[in-house]
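Trainee:
In the numbering used here, the protein residues as written are 1 to 352.
(1) Identify which residue in 75, 60, 74 and 91 has its Cα closest to the Cα of residue 83.
(2) For the beta strand (DSSP E) that contains residue 249, what are its first and last residues?
(3) What residue does the beta strand (DSSP E) around residue 214 start on, and which one ends it?
(4) The alpha helix (DSSP H) with residue 304 in it runs from where to where?
(5) Identify whether residue 197 lies in helix, strand or coil by the three-state DSSP scheme.
(6) Thinking just about the alpha-carbon of each residue, which of 167, 48, 165 and 168 is nearest to the one in residue 113?
(7) Mind checking who residue 189 pairs with in its DSSP beta bridge?
(8) Do residue 246 and residue 185 have their beta-carbon atoms positioned less than 9 Å apart in this structure?
(9) Given 8 Å as the limit, tell me if residue 307 has its C-beta closer than that to any heavy atom belonging to the ligand SAM.
(10) Residues in the same chain with beta-carbon distance under 6 Å from residue 217, minus the five sequence neighbours each way, listed in chain order, please.
(11) Which residues in the same chain as residue 238 place their Cβ atom closer than 8 Å to its Cβ, once the five residues preceding and following it in sequence are excluded?
(12) What does residue 224 pair with, by DSSP beta-bridge criteria?
(13) Which first and last residues belong to the alpha helix (DSSP H) in which residue 120 is found?
(14) Express the C-alpha separation of residue 276 and residue 283 in angstroms, rounding to a whole number.
(15) Would you call the CB atoms of residue 53 and residue 105 closer than 9 Å?
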């Protein structure tokens with residue numbers, strides 16, 4: 001005998017209720033509770049037929065002369081409200097009423113014949129996102145608020161699902177520790193990171209089981225600000241402390257072998273160039289001008305030792321250059337005349 005089919009249970013409440021806000025219901029549910037109310041088709045047609053600036057000018061004229069309508073007790077705009085509404089008029093003469101603050105916006109919508117039917121959650125949405133709304137978006141919102149809120153691009157940033165991006169400083173760094181066994185791993189962690197956080201982090205992110213955790217906080221050494229200044233030694237300060245954790249793993253983990261051949265990355269030429277640049281900067285800096293050149297002193301001392309031991313023979317410096325040596329010995333070749341000086345003298349004729 002087949003089992004009777006149990007009808008599904010309809011959940012009318014959220015298992016994790018959200019905080020109560022005055023904003024619209026933005027989640028896309030099959031059984032949406034329609035609390036967001038805009039304009040019905042007839043009201044929307046009247047709203048487009050009579051733009052807000054036309055109605056506002058007519059209402060202000062009626063406010064100044066109540067005898068036109070025969071009802072002297074109509075609600076009136078205060079002077080501050082009139083000034084705030086006039087500031088929302090754009091270059092085309094249209095009234096951008098949705099840019100009013102919440103108090104003036106409620107007063108304007110309450111007195112408007114069609115906008116007075118808009119629900120409070122839609123008003124809250126308009127007030128909070130006035131800087132992102134345009135006339136076309138306002139018309140779409142008033143025509144069907146539920147359909148407008150169902151599009152993810154129309155949901156404000158504050159009411160979207162928030163994604164947590166941790167700070168760059170709050171990074172868990174795995175250290176290379178060849179002195180530890182395969183069942184131990186060391187990490188650099190933020191100061192606020194606890195052992196429970198570390199255990200949950202490794203389990204939920206990497207599915208790594210942890211047996212034991214040890215933590216230690218290493219206090220930073222006292223340093224000086226601008227210690228290289230020749231005029232002052234600088235103020236004392238202590239840099240932030242560092243926290244390290246050593247984890248005992250349930251399964252052994254062997255760190256990959258360190259790459260020894262770095263030639264594909266041009267390691268040696270890069271470091272040789274950097275060393276040469278640093279040496280040149282140090283020589284031209286204030287430190288280089290105030291301190292002796294140790295390498296130059298070592299080379300002079302080495303030459304002196306070679307002379308004393310007889311490995312090298314002393315000679316004047318000019319003998320190291322071939323042209324200078326030949327010139328000093330008197331056997332240098334004749335130097336051609338400069339092309340800029342022309343020899344215009346006539347050869348002398350000898351008369352016997």
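Heads up, the beta-carbon is just placed ideally off N, CA and C, and yes, glycines get one too.
Mentor: By the coordinates alone:
(1) Here the question's residue 83 lines up with position 83 in the chain shown. When only C-alpha atoms are compared, the closest one is 60.
(2) By one-based count along the chain shown, residue 249 stands at place 249. Counted as a single uninterrupted DSSP element, the beta strand (DSSP E) harbouring residue 249 occupies residues 242–249.
(3) As a working mapping, residue 214 is identified with position 214 in the chain shown. Taken as a continuous stretch (DSSP letters only), the beta strand (DSSP E) holding residue 214 covers 210–218.
(4) The residue given as residue 304 occupies position 304 in the chain shown. 294–309 is the span of the alpha helix (DSSP H), which, as asked, contains residue 304.
(5) If you number the chain shown from 1, residue 197 lands on position 197. Helix, per DSSP.
(6) As a working note, residue 113 is residue 113 in the chain shown. Cα-wise, what sits closest to residue 113 is 48.
(7) Here residue 189 is taken as the residue at index 189 of the chain shown, counted from 1. Under DSSP, residue 189 forms a beta bridge with 243.
(8) The residue given as residue 185 occupies position 185 in the chain shown. The residue given as residue 246 occupies position 246 in the chain shown. Yes.
(9) Although the ligand SAM was asked about, the structure shown includes no ligands whatsoever.
(10) Here residue 217 refers to the residue found at position 217 of the chain shown. Once the five neighbours on either side are set aside, the close Cβ partners of residue 217 are 241 and 243.
(11) The residue given as residue 238 occupies position 238 in the chain shown. Excluding residues within five positions, the ones whose Cβ falls inside 8 Å are 219, 220, 221, 222 and 223.
(12) If you number the chain shown from 1, residue 224 lands on position 224. Residue 224 is bridged to 236.
(13) Taking the first residue of the chain shown as position 1, residue 120 is located at position 120. First-last of the alpha helix (DSSP H) with residue 120: 120–128.
(14) If you number the chain shown from 1, residue 283 lands on position 283. If you number the chain shown from 1, residue 276 lands on position 276. Straight-line Cα distance between these residues: approximately 11 Å.
(15) Locating residue 53 in the chain shown gives position 53, where the first residue counts as 1. Locating residue 105 in the chain shown gives position 105, where the first residue counts as 1. No, they are not a contact pair.
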